[in-house]
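J.:
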Amino acid sequence: MMTASASAPGKIVICGEYAVLDGAPAVAMAVDRRAEATVTISGDDWHSVSAPGYTSERGRFTANQGRVAWLDGRETFGLVEQVWRLAGLDPSEKLALRLDSAAFYDASGGRKIGIGSSAAVAVALTAALAETTGADLDVDAIAMEAHRRFQGGAGSGVDVACSAHGGVIEYRMEKAQQRRLQWPPELGFAVFWSGVPASTGSRLDHLRAAATKPSRQALVTAAGRVATTWARGSAKAIVEELRAYTEALRRFSIDHDLGIFDAGHAALADAAKGKVVYKPCGAGGGDIGIALASDERELAAFIELAVTKAFQHLQMTMDPRGVQRVREAN
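Structure (structure tokens):
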């Protein structure tokens, strides 16, 4: 049995949030904030799990043919249980799992910034367990299903797919279809943290309970146009289609009372003119937003403006790498 670690990147949904649940393509990119999972032989009488930066609690459990019995930490480490159960693990030695997602938190306040920490942890942990135990695990499938169960059956899976494969992808929920996209060389971007954590689950619950309005189908159509335009590679055309998508997202949010543009996102979207477009990402109502531009100087000016409106400019780049594994012999 080996000691192993794995890391997986966070993600930003550029377009297709909400619409992906109705069959539209989403465009998402991996970013260079990575979750790390390390699995070592513990020598204890139980398996253990720790997540420094996320919680000071330490979980302990025993397992038999994938069935988990918690001694401590069940409420805190539910995602670990889902991964373990789906992997069907029964290792001959007890393992210590260490999960590090510190890069997914606001350094000043310890709040999640909304770039897919749980999805990245699911991918990294599954890969590290596969390396340590030598089990032939389908990392994509296990991480996808574990994350879906952890979220109570909600979500599209785009965050897991992006963490597993990296780069820029077009993703469809049906059969978790994805294809690699290229980043247009003339397209710049900047990511901003609103300072307000958002709840994806509560907004999805609200959407399920709301009466469907025509703007929901309009959002699906707009998302499809962005994906088609992105594949053609014109930065200017992408910005304009994203502007149309952002307006469709705003109407969808108003009609379904989702508050996607709350927490200052509306003001930034209104301020994005010319060759710059701005939109909230993911569930919205807080977390992060992204500005994309076909002109470098206009993007720089927009960054200065966003900072004056109390948004934090997050230094991020697109990460072309998906899950990465490292194995060491004991």
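Residue numbers (the numbering used here): 6 to 335. We treat Cβ as the ideally placed atom computed from N, Cα and C, and that holds for glycine. Fair warning: this is a prediction, and the values are worked out from it, not measured in the lab.
For the beta strand (DSSP E) that residue 64 lies in, which residues bound it at each end?
T.: Numbered from 1 along the sequence shown, position 59 holds the residue referred to as residue 64. Start and end: 63–69.
J.: Do the stretch 148–158 and the stretch 82–90 touch if we need at least three Cβ pairs shorter than 8 Å?
T.: Yes, the stretch 148–158 is in contact with the stretch 82–90.
J.: Which same chain residues end up closer than 7 Å to residue 43 when comparing Cβ atoms and leaving out the 5 residues on each side of it in sequence?
T.: Taking the sequence shown and counting its residues from 1, the one referred to as residue 43 is at position 38. Cβ neighbours of residue 43 beyond the five flanking positions: 10, 103, 133.
J.: Are the stretch 98–118 and the stretch 74–81 in contact at 8 Å, needing three or more beta carbon pairs?
T.: No, they do not touch.
J.: The beta strand (DSSP E) that contains residue 32, what's its start and end?
T.: Numbered from its first residue, the sequence shown carries residue 32 at position 27. Run containing residue 32: 31–46, per the beta strand (DSSP E) assignment.
J.: Alpha carbon to alpha carbon, what distance is there between residue 109 and residue 22?
T.: Numbered from its first residue, the sequence shown carries residue 22 at position 17. Numbered from its first residue, the sequence shown carries residue 109 at position 104. Roughly 20 Å separates the two Cα atoms.
J.: Within the chosen definition, does the stretch 267–275 reach the stretch 290–306 through at least 3 CB pairs nearer than 8 Å?
T.: A contact exists between the stretch 267–275 and the stretch 290–306.
J.: Is DSSP giving residue 300 helix, strand or coil here?
T.: Reading the sequence shown from its first residue, position 295 is the one you call residue 300. Note: residue 300 maps to coil in three-state DSSP.
J.: Return the bridge partner residues of residue 184 from the DSSP annotation.
T.: On the sequence shown, residue 184 is found 179 positions in, with the first residue counted as 1. 175.
J.: What is the DSSP secondary structure of residue 82, counted as helix, strand or coil?
T.: Taking the first residue of the sequence shown as position 1, residue 82 is located at position 77. Three-state DSSP puts residue 82 in coil, outside helix and strand.
J.: Could you tell me which residues DSSP pairs with residue 16 in its beta bridges?
T.: Reading the sequence shown from its first residue, position 11 is the one you call residue 16. Answer is 35.
J.: Considering only the beta carbon of each residue, do residue 58 and residue 105 sit closer than 8 Å?
T.: Position 53 of the sequence shown, counted from the first residue, corresponds to residue 58. Position 100 of the sequence shown, counted from the first residue, corresponds to residue 105. Yes. Within cutoff.
J.: Does DSSP put residue 60 in a helix, in a strand, or in coil?
T.: Stepping through the sequence shown from its first residue, residue 60 is reached at position 55. It is coil, neither helix nor strand.
J.: Looking at the secondary structure, which residues open and close the beta strand (DSSP E) in which residue 242 lies?
T.: By 1-based counting over the sequence shown, the position of residue 242 is 237. Segment 240–260 is the alpha helix (DSSP H) holding residue 242; no beta strand (DSSP E) there.
J.: Using a Cβ-Cβ cutoff of less than 6 Å, which residues in the same chain neighbour residue 175 once the five nearest sequence positions on both sides are dropped?
T.: On the sequence shown, position 170 is the one that residue 175 refers to. For residue 175, where only same-chain residues beyond five positions count, the Cβ hits under 6 Å are 30, 32, 184, 186, 232.
J.: Near residue 178, which residues of its chain fall below 6 Å by C-beta distance, leaving aside the five closest residues on each side in sequence?
T.: Taking the first residue of the sequence shown as 1, we reach residue 178 at position 173. Answer for residue 178: 25, 161, listed in chain order.
J.: Which term fits residue 131, buried or exposed, when burial requires 16 or more other beta carbons within 10 angstroms of its beta carbon?
T.: Within the sequence shown, numbered from 1, the residue matching residue 131 stands at position 126. Its Cβ being crowded by 16 or more others within 10 Å, residue 131 is buried.
J.: Can you give me the C-alpha to C-alpha distance between residue 304 and residue 321, rounded to a whole angstrom?
T.: On the sequence shown, residue 304 is found 299 positions in, with the first residue counted as 1. On the sequence shown, residue 321 is found 316 positions in, with the first residue counted as 1. The straight-line gap from Cα to Cα measures roughly 15 Å.
J.: Measure the Cβ-Cβ separation of residue 310 and residue 274 and say whether it is below 8 Å.
T.: On the sequence shown, position 305 is the one that residue 310 refers to. On the sequence shown, position 269 is the one that residue 274 refers to. No.
J.: Is residue 83 near the ligand NAD, with its Cβ less than 7 Å from a heavy atom?
T.: Looking for the ligand NAD in the displayed structure turns up nothing, as the structure carries no ligands at all.
J.: Reducing DSSP to helix, strand and coil, say where residue 313 ends up.
T.: Walking along the sequence shown from the start, residue 313 turns up at place 308. Residue 313: helix per DSSP, three-state reduction.
J.: Taking one C-beta from the stretch 201–221 and one from the stretch 108–128 each time, how about it: are there three or more such pairs within less than 8 Å?
T.: Enough Cβ pairs lie closer than 8 Å, so yes.
J.: Rounded to whole angstroms, how far is the Cβ of residue 167 from the Cβ of residue 323, which I believe are closer than 8 Å?
T.: If you number the sequence shown from 1, residue 167 lands on position 162. If you number the sequence shown from 1, residue 323 lands on position 318. No, residue 167 and residue 323 are not in contact; Cβ-Cβ is about 11 Å, not under 8 Å.
J.: Would residue 119 and residue 287 be called neighbours here (beta carbons separated by less than 8 Å)?
T.: Numbered from 1 along the sequence shown, position 114 holds the residue referred to as residue 119. Numbered from 1 along the sequence shown, position 282 holds the residue referred to as residue 287. Cβ atoms of residue 119 and residue 287: closer than 8 Å.
J.: Please report the straight-line C-alpha distance between residue 127 and residue 257, rounded to a whole angstrom.
T.: In the sequence shown, residue 127 corresponds to position 122, counting from 1. In the sequence shown, residue 257 corresponds to position 252, counting from 1. Cα to Cα, the separation comes out at about 31 Å.
J.: How big is the Cα-Cα spacing for residue 18 and residue 93?
T.: Here residue 18 corresponds to residue number 13 of the sequence shown, with the count starting at 1. Here residue 93 corresponds to residue number 88 of the sequence shown, with the count starting at 1. Their backbone Cα atoms lie some 31 Å apart in a straight line.
J.: Quick one, are the C-beta atoms of residue 251 and residue 282 less than 8 Å apart?
T.: Translated into positions along the sequence shown, residue 251 becomes position 246. Translated into positions along the sequence shown, residue 282 becomes position 277. Yes, the Cβ-Cβ distance between residue 251 and residue 282 is below 8 Å.
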